[in-house]
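Peer 1: Just dropping this structure here.
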DNA sequence: TTATCGCGTAACTGATAGGTTACGCATTAT
DNA sequence: ATAATGCGTAACCTATCAGTTACGCGATAA
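Structure representation (structure tokens):
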């Protein structure tokens, strides 16, 4: 058998990851596959909204869908994330390098950051609906 | 001196990375700091457009700006990417795991992928847009 | 001082994306 | 057969963003 590697569109992947709800869906699916309804139930947005997110994730091939009776079960497909990881790797050396020059920046700026970082944290299993 | 860790808003980071032009700007800055004009010159869009991209990157703290005479030099700040990397790390085990179950998917789907993957590749120093 | 350069901002346009409600289509349950 | 469930799609509204041109301001050059 040939060793073919699948080339995913990084563009679609980044695009899909840009939305916090979609990242949360992925985080949710790391725990195991789930039907669309249960996924939607985990978020404070409507079911159609989640449906659209799922379609986007499907097109980015970050999830796969298969039917079980009248359920549509969604499964994580982490393969496209490899491309993102390898893009990031190009920067890995940089953030090891710049620690000293970063320091001055940090002293001045970190305060503003921590303030708004709290509310933008991804919740893996969100509460209300 | 204390060893404080800066918490960046992953939300802003992902958001900034969602645009291919902005990723290309970062890729450009890996080669070294540059004034805004030169960055703009590397892209087929107007200078104000790049200026707005730079502002977004600035707000995501992915770049820093300092003035040199009448130039505004932009410098890469890769620190926020660490958060993205650590998010990705949670998926690293998954894409090592799923290789076999991925196989069936690949056989069926890879054709469509390769077709559109060609035109969506990120160019480090992009040409037209 | 005056002209020019570098660059950001304002104001506007068009496209896109996330959200909603309403609806329709299968599939299971009664 | 009929009702109910699960879920996607259509149609719509709104906010945001990428792009443009016009303008203004500070810094250098003449």
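Residue numbers (our numbering), protein chains in the order written: chain A, -18 to 110; chain B, -18 to 110. Built from N, CA and C at the ideal position, the CB exists for glycine as well.
Between residue 55(B) and residue 46(B), how many whole angstroms is the CB-CB distance? I'm expecting something under 8 Å.
Peer 2: Position 74 of the second chain, counting from 1, holds the residue named residue 55(B). Position 65 of the second chain, counting from 1, holds the residue named residue 46(B). With a Cβ gap of about 5 Å, residue 55(B) and residue 46(B) count as contacting.
Peer 1: For the stretch 12 to 19 of chain B against the stretch 53 to 71 of chain B, are there 3 or more C-beta pairs whose distance is under 8 Å?
Peer 2: yes
Peer 1: Alpha carbon to alpha carbon, how far is residue 59(B) from residue 63(A)? Give it in angstroms, no decimals.
Peer 2: Walking along the first chain from the start, residue 63(A) turns up at place 82. Walking along the second chain from the start, residue 59(B) turns up at place 78. Answer to the nearest angstrom: the Cα atoms are 19 Å apart.
Peer 1: In this structure, what does DSSP give as the bridge partners for residue 54(B)?
Peer 2: Position 73 of the second chain, counting from 1, holds the residue named residue 54(B). In the DSSP output, where bridge partners are listed per residue, residue 54(B) has 16(B), 47(B).
Peer 1: Given a cut-off of 8 Å, decide if residue 75(A) and residue 11(B) are closer than it, judged by their beta-carbon atoms.
Peer 2: For this step, residue 11(B) is matched to residue 30 along the second chain. For this step, residue 75(A) is matched to residue 94 along the first chain. Going by C-beta atoms, residue 11(B) is nearer than 8 Å to residue 75(A).
Peer 1: Report buried or exposed for residue 28(B), applying the criterion of at least 16 other Cβ atoms within 10 angstroms of its Cβ.
Peer 2: In the second chain, counting from the first residue as 1, residue 28(B) sits at position 47. Classification for residue 28(B): exposed.
Peer 1: For residue -2(B), which residues in the same chain have their Cβ closer than 7 Å to its Cβ, ignoring the five residues on either side in sequence?
Peer 2: The sequence position of residue -2(B) within the second chain is 17, counting from 1. Excluding sequence neighbours, residue -2(B) sits near 4.
Peer 1: What is the C-beta distance between residue 42(A) and residue -11(A), in whole angstroms, given that I count them as a contact (C-beta under 8 Å)?
Peer 2: The residue given as residue 42(A) occupies position 61 in the first chain. The residue given as residue -11(A) occupies position 8 in the first chain. Approximately 6 Å separates the beta-carbon atoms of residue 42(A) and residue -11(A); this is inside 8 Å, confirming the contact.
Peer 1: Work out the CA separation of residue 22(A) and residue 26(B) for me, nearest whole Å.
Peer 2: Numbered from 1 along the second chain, position 45 holds the residue referred to as residue 26(B). Numbered from 1 along the first chain, position 41 holds the residue referred to as residue 22(A). The straight-line gap from Cα to Cα measures roughly 43 Å.
Peer 1: Scan the stretch 38 to 71 of chain B for residues whose Cβ lies nearer than 8 Å to a Cβ of chain A and list them as they occur along the chain.
Peer 2: 42, 45, 57, 58, 59, 60, 62, 63, 65, 66, 68, 69, 71
Peer 1: For residue 0(B), which residues of its own chain have a beta-carbon under 6 Å away from its beta-carbon, when the five flanking residues on both sides are left out?
Peer 2: Numbered from its first residue, the second chain carries residue 0(B) at position 19. Answer for residue 0(B): no residue qualifies.
Peer 1: Using a beta-carbon distance cut-off of less than 8 Å, what residues from the stretch -10 to 2 of chain B approach chain A?
Peer 2: -10, -9, -8, -7, -5, -4, -2, -1, 1
Peer 1: Could you name the residues of chain B that residue 11(A) contacts, counting a contact when the two beta carbons are closer than 8 Å?
Peer 2: Taking the first residue of the first chain as position 1, residue 11(A) is located at position 30. Chain B residues near residue 11(A): 71, 72, 75.
Peer 1: Can you say whether residue 30(A) is buried or exposed, counting buried as having 16 or more other CB atoms within 10 angstroms of its CB?
Peer 2: Your numbering for residue 30(A) matches position 49 in the first chain. Under this definition residue 30(A) is an exposed residue.
Peer 1: Applying the 10 Å Cβ sphere with the 16-neighbour rule, what's the burial state of residue -9(B)?
Peer 2: Counted from its first residue, the second chain places residue -9(B) at position 10. Buried, by the Cβ-count rule.
Peer 1: Can you look up residue 11(A) in the DSSP assignment and give me helix, strand or coil?
Peer 2: Indexing the first chain from 1 puts residue 11(A) at position 30. Coil, per DSSP.
Peer 1: Which of helix, strand or coil does DSSP assign to residue 6(B)?
Peer 2: Against the second chain, residue 6(B) aligns to sequence position 25. Of the three classes helix, strand and coil, the one that applies to residue 6(B) here is helix, per DSSP.
Peer 1: Under the assumption that residue 7(A) contacts residue 66(B) (Cβ atoms under 8 Å), give the Cβ distance between them as a whole number of angstroms.
Peer 2: For the purposes of this step, residue 7(A) is identified with residue 26 of the first chain, where counting begins at 1. For the purposes of this step, residue 66(B) is identified with residue 85 of the second chain, where counting begins at 1. Wrong, their Cβ atoms sit about 16 Å apart, outside the cutoff.
Peer 1: For chain A, is any of its Cβ atoms less than 8 Å away from the one on residue 85(B)?
Peer 2: Stepping through the second chain from its first residue, residue 85(B) is reached at position 104. The predicted model places residue 85(B) with a pLDDT of 44, which falls under 50 and marks its position as unreliable; any figure quoted below should be read in that light. Among the CB atoms of chain A, none fall inside 8 Å of the CB of residue 85(B).
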